[in-house]
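Chemist: Can you keep this structure in mind? I'll have questions shortly.
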Amino acid sequence: LQNETSGGLSTLVDSLAVAQQLQQEDPEGFALLASVPVRYEYRDADTWLVAVQPMIELTGKGAMMGVFYSPRLDD
Numbered sequence: 002l003q004n005e006t007s008g009g010l011s012t013l014v015d016s017l018a019v020a021q022q023l024q025q026e027d028p029e030g031f032a033l034l035a036s037v038p039v040r041y042e043y044r045d046a047d048t049w050l051v052a053v054q055p056m057i058e059l060t061g062k063g064a065m066m067g068v069f070y071s072p073r074l075d076d
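Start counting the sequence shown at 2; every next residue gets the next number (the numbering used here).
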C-alpha cells in the first residue's frame, strides 16, 4: 500500500504497532485501553448497531489480539 494523500488527510495507521509503542511508553494507558469497555453505537432510520468492548483486545495470556475503532465515526 502507498499513501497518496498529503498533509495528514489519511486517518489509517498500523494500530497494532501504535498499541505496542503505547504499551512500552505508557503501560498504564495501555492497560486502561485494554480493560475499560467502550460503547460504540450507530443508529439511523433503519439500523441500530451497538458494541461494548475495550479498544485493545488481549488473549487470555495477555498478548495483543486486535485494536477496535468505529469507522462510522471516522469523518
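Virtual Cβ for every residue (Gly too), placed ideally from N, Cα, C.
(1) Which residue comes first and which comes last in the beta strand (DSSP E) that contains ALA20?
(2) Start and end of the beta strand (DSSP E) containing GLY67?
(3) Give the range of the beta strand (DSSP E) segment to which ALA52 is assigned.
(4) Would you list the one or two residues that DSSP bridges to LEU59?
(5) Using the DSSP secondary-structure output, state which residues sit across from GLU42 in a beta bridge.
(6) Could you check what DSSP says for SER36 in three-state terms: helix, strand or coil?
Modeler: On the basis of the supplied data:
(1) Mapped onto the sequence shown, residue 20 falls at position 19. In the DSSP assignment, ALA20 falls outside any beta strand (DSSP E) and within the unbroken alpha helix (DSSP H) covering 16 to 26.
(2) Along the sequence shown, one-based indexing puts residue 67 at 66. Per DSSP, GLY67 belongs to the beta strand (DSSP E) from 65 to 68.
(3) Here the question's residue 52 lines up with position 51 in the sequence shown. Unbroken beta strand (DSSP E) run through ALA52: 49 to 54.
(4) Taking the first residue of the sequence shown as position 1, residue 59 is located at position 58. DSSP lists MET65 as partners of LEU59.
(5) Reading the sequence shown from its first residue, position 41 is the one you call residue 42. Secondary-structure assignment with DSSP links GLU42 through a beta bridge to VAL51.
(6) Here residue 36 is taken as the residue at index 35 of the sequence shown, counted from 1. Reduced to three states, the DSSP call for SER36 is helix.
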